[in-house]
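One structure is given here, and the rest of the page talks about it.
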Amino acid sequence: MQRRTLIAATSALPFAASAQGFVPQNAECIAPAAPGGGFDVTCRLTTRMLSELNLVPSPIRTQNMPGGIGAVAINHINAQRPADPNVLVAFSTGSWLNMAQRRFGRFAENDVRWIGAIGADYGVIAVRRDSRFQNLGDLIAAFRENISAIPIGSSGAVGSQDWTKVALLARAAGQDPRRMRYVPFEGGGAAMAALLGGHIQVFPGDASEIRGQFDAGEIRILAVLSAQRLPGFLSVVPTAREQGLDVEWPIIRGFYGPPRMPDAAYNYWVDVLKRLHAHPAWPEARAAQGLFEFNMVGEEFSQLAKRRTEEYRTLAREVGLIQPTQ
Amino acid sequence: MDVFAALGGGFGVALQPGNLLLAFIGCIVGTAIGVLPGIGPLNAIALLLPFCLALRLPPESALILLAAVYYGSGYGGRITAILLNMPGEPSAVLTTLDGHPLAKQGRGGAALAISGIGSFVGATLSVVAMTFLSVPLAKVAVAFSPADYVALIAFALSLLGAVSDGPAVKAWAAGCVGLLLAMVGVDSGTGVERFTLGSLELLGGIDFTVLAIGLFAIGEILLLIETKLRAEAAKLGGGEKLSLREVIHCVPTMLRATGIGFVIGVLPGAGASVASALSYTAEKRLNEAHGKFGQGDMRGVAAPETADNAAQIGNLVPMLSLGIPGSGTTAVLLGALLMYNITPGPLLFEQRPDVAWGLIASMYIGNAMLLLLNLPLVGIFARLLTVPAWVLYPGVLALSFAGVYAASNSAFDLLLAIGFGVLGWLFRKMEIPLVPIVLGFVLGRMLEDNLRRAMSLSDGDVWALLGSPVSIVLWVMTLAAVAWPMLRGLRRVAQPSRGV
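Those protein sequences? They're chains Z and L, same order as listed.
The numbering of the first sequence is this note's numbering, which starts it at 35 and goes up by one.
The numbering of the second sequence is this note's numbering, which starts it at 18 and goes up by one.
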């Protein structure tokens, strides 16, 4: 209690260095998917560490806002709280894809304020333990035989990041990604259930969401989509590149704020993330969630977000997801 | 490992004084959360989680507390449903059908008591089933395909005609209104806006709380205003207390409802509202000859309340044994494990038996606590009705509005709720039942998502919907359920003509 008063008092001073008069109140982290997936982990991990390390004066609430793979959330903050200084929305590389493909209605990369990243995850290609696919080569061979015969499912619609992972593999195998039989689920948890139940054969998920099933031997990981092998429990799994396919898929995770978030609040949150990255307790907590170091924040990060979104827009045109005229 | 030894170890964890206290606190918070409209267990757990971490509670204690809030909330939702005809959560909608008529007959206390007993029976038997059958059940549950879900939800929808007493066509019409309302918002599959009328506020769809508070709470109050508060409000006393004979009379109902509720709950994609709807209609059908369902039958209260709690416990089965969340709330519980760096998954029982078995053991204790807490409180809850109507109803309305606003931070939602209130009032006057609207609303989106998945899995082949024995059985039951009210209607038409 004493500390809270102290922080409030210091930040009220005009010359307070970092907070510049902004103190979060009932701050909220929106995870734009059903609980259990990557967005959920982004919010919960960050808010827990911020509270534990006393980097914020009061705990930040996590709210799940599923729908449209993030479309509902971006519409919500643009419609209902465009200047709210107390709301962070979790995003991933997939959100950039969605913006590039105009899946968020009229909202895109310039309709939010990019606060920063907390780390990066990597795509994996998972199959059930009794799958006929022993390695990536088997899957690619099956793709070449008849790509439409293999049900693939994950969180996110056609054109989302999980779809793009396999689309890139299909393209590398010389196949048309549009012929894939892809089934969207709301969240990685539901897709994993469908994989275990045998309703889908391939789950292009993220490294951070498959550990429980991987440790139990329920699933096999055919490849990790990183440049080098990942450290930790996945170090036994070869990369796609090792298996002869030049496909990588890093998933940067972090937060954006509403489009008219006041500068004081924006700077506050950027600063909070900086201090989180610098904290000695952070790397261990981040790694425990399968996230690798990726510490970019603020203006530099904002530029990256806009550049990547533009790159994905080009990619989407190539795959035929959006018309060249758009 | 022997189940009994493991459960014994679990009780060793759950019976520690600190954990007992946490379970007790969780039960109280859960009941309160269930009573308050607009605030569900999901929000409560998400709010409590940071406190658990800040207090440095060990993971098993945190989970015991949070789970108690979760299953405790199943005891609270019925109170306003029975006494005021205002369901606090989706699964309590069915409880209004017989609970409120009982309250009007002065038997609100008895209805509260039977629902408390039903909740206890449903939850406890489900915990027993979970103790012994968790892993095999969860394996069967993931085998349930999107096509099977389509059949299950279609079956639940087909029973809409049987939910209310009036003409089936009105119930169907109401159900379609519900389905239509479920379509509003950004389509989750494609991102296309549907029926938003260009309004940004409608992009996120309509919240269940807004709809339920509008139709039930505001609609009810409008009707009361119209009749100058004299008509048909529930009254305190005048009715008999719940007799042992009545409880025994409800036992077969409770057992069936537990079965239905638990099985539906274990399926990761279904939920308590499907379970309570199915068990209510099943009881109504079974006891058609000698029941007064819809006018205040104890079994009509026991069935949905028992099934609701059984489903809640069932929902924990895939979460604990496979690490797969069956609902939003269980997913937040999974998130809690993650925050303690415990990897939820099939190895949870081996890696952290203290957490898994401690939680299961604590649920035996927690449900007993809830029963002991709730039965003596029945009298106090029922005394709510001694508050004069002109104080009670505006008070409830204020609380409801606070709940709506807390959930969405949006004044638009308050206006929307008032709009639904007017709709609810009009529908009451036209004797169009409200329960099918809410059920259609809740089931509509589930139906659409699963239908879409089933169609992409089968590459557009409609016959895939009949691809498994389970789905065929469910579709046959669906057809029977649709045909039944029609046949009954024909008979009804035929009978008077014979009389003339």
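Each residue gets a CB set at the ideal place from its N, CA and C atoms; glycine is no exception.
Only a predicted model underlies this, so the values are computations on that prediction, with no experimental measurement involved.
query: Using a Cβ cut-off of 9 angstroms, pull out every chain Z residue sitting near F21/L, in sequence order please.; result: The contacting residues do not exist; F21/L stays about 24 angstroms from chain Z at best.
query: Report the option in G331/L, A168/L, E77/L and G202/L whose CA atom is closest to the CA atom of A31/L.; result: E77/L
query: Mind checking whether S293/L and S108/L have CB atoms under 8 angstroms apart?; result: yes
query: Just grab the DSSP bridge partners of S129/Z for me.; result: Its beta-bridge partners do not exist; DSSP assigns none.
query: Within the continuous alpha helix (DSSP H) that includes W374/L, where are the two ends?; result: P370 to A399
query: Which one or two residues does DSSP pair with E210/L in a beta bridge?; result: V203/L
query: Does DSSP put P342/L in a helix, in a strand, or in coil?; result: coil
query: Quick check: the segment 330-345 of chain Z against the segment 153-162 of chain Z, are there 3 or more CB pairs under 8 angstroms?; result: no
query: So, does the segment 272-289 of chain L touch the segment 330-337 of chain L, judging by three or more C-beta pairs under 8 angstroms?; result: yes
query: Looking only at its own chain, which residues have a Cβ that is under 8 angstroms from the Cβ of F68/L, when we skip the five neighbours before and after it?; result: none
query: Who does F237/Z pair with in a DSSP beta bridge?; result: A160/Z
query: Going by DSSP in three states, V144/L sits in which element: helix, strand or coil?; result: helix
query: Can you confirm whether the segment 86-102 of chain Z touches the segment 143-153 of chain Z when touching is taken to mean that 3 or more C-beta pairs between the two stretches lie within less than 8 angstroms?; result: no
query: Roughly how many angstroms lie between the CA atoms of Y88/L and G47/L, to the nearest whole one?; result: 7 angstroms
query: Report the partner residues of F289/Z according to the DSSP bridge assignment.; result: A124/Z and G150/Z
query: Which class does R342/Z belong to by DSSP, given the choice of helix, strand or coil?; result: helix
query: Nearest to I489/L by CA position, among S417/L, N384/L and F172/L, is which residue?; result: F172/L
query: Where N120/Z and I230/L are concerned, what is the direct C-alpha to C-alpha distance, given to the nearest angstrom?; result: 28 angstroms
query: Pull up the DSSP beta-bridge partners for F522/L, would you.; result: The requested residue 522/L is not part of the displayed model; chain L covers only 18 to 517.
query: Which residues of chain Z have a Cβ atom closer than 8 angstroms to the Cβ of M356/L, listed in chain order?; result: R78, L79 and R82
query: With a 10 Å radius around its C-beta and 16 neighbouring C-beta atoms as the bar for buried, classify N358/L as buried or exposed.; result: exposed
query: Let me know the secondary structure DSSP gives S108/L once reduced to three states.; result: helix
query: Under a Cβ-count criterion, where at least 16 other Cβ atoms within 10 Å of its own Cβ denotes burial, should L342/L be classed as buried or exposed?; result: The residue asked about is misnamed: residue 342/L is Pro in this sequence, not Leu. With 16 or more other Cβ atoms within 10 Å, it is buried.
query: Kindly list the residues whose CB is nearer than 8 angstroms to the CB of S269/Z, restricted to its own chain and excluding five residues on each side of it in sequence; keep chain order.; result: R263
query: Could you check where the beta strand (DSSP E) with E62/Z kicks off and where it finishes?; result: E62 to A65
query: For the segment 344-377 of chain L, enumerate the residues whose C-beta is nearer than 7 angstroms to any C-beta of chain Z, in chain order.; result: G345, A348, V349, L351, G352, L355, M356, N358, T360, P361, G362, P363 and L364
query: Just the Cα atoms here: how many angstroms apart are G340/L and P363/L?; result: 6 angstroms
query: In chain order, what residues of the same chain lie with their CB nearer than 7 angstroms to the CB of V353/Z, ignoring the 5 residues before and after it?; result: A201 and P211
query: If you check the beta carbons only, do A320/L and A289/L fall under 8 angstroms apart?; result: no
query: Just tell me which of R162/Z, H233/Z, Q337/Z and L229/Z has its CA closest to the CA of G251/Z.; result: R162/Z
query: Closest to T141/L by C-alpha separation, out of G345/L, V404/L, T323/L and G477/L, would be which residue?; result: T323/L
query: Within the same chain, show all residues whose beta-carbon is closer than 7 angstroms to that of A228/Z, passing over the 5 residues directly before and after it, in chain order.; result: G187, F219 and I234
query: Suppose the cutoff is 7 angstroms on Cβ atoms and the five residues either side in sequence are ignored; what does the same chain contact list for A378/L look like?; result: L24, G27, F28, V30 and A31
query: Quick one, which of D430/L, A85/L, H307/L and L388/L has its alpha-carbon nearest L38/L's?; result: A85/L
query: In chain order, what residues of the same chain have a beta carbon less than 8 angstroms from the beta carbon of L80/L, not counting five sequence neighbours either side?; result: L350, A353, L354, V372, G375 and L376
query: Starting from G222/Z, follow its DSSP beta bridges and name the residues at the other end.; result: In DSSP, G222/Z forms no bridge with anything.
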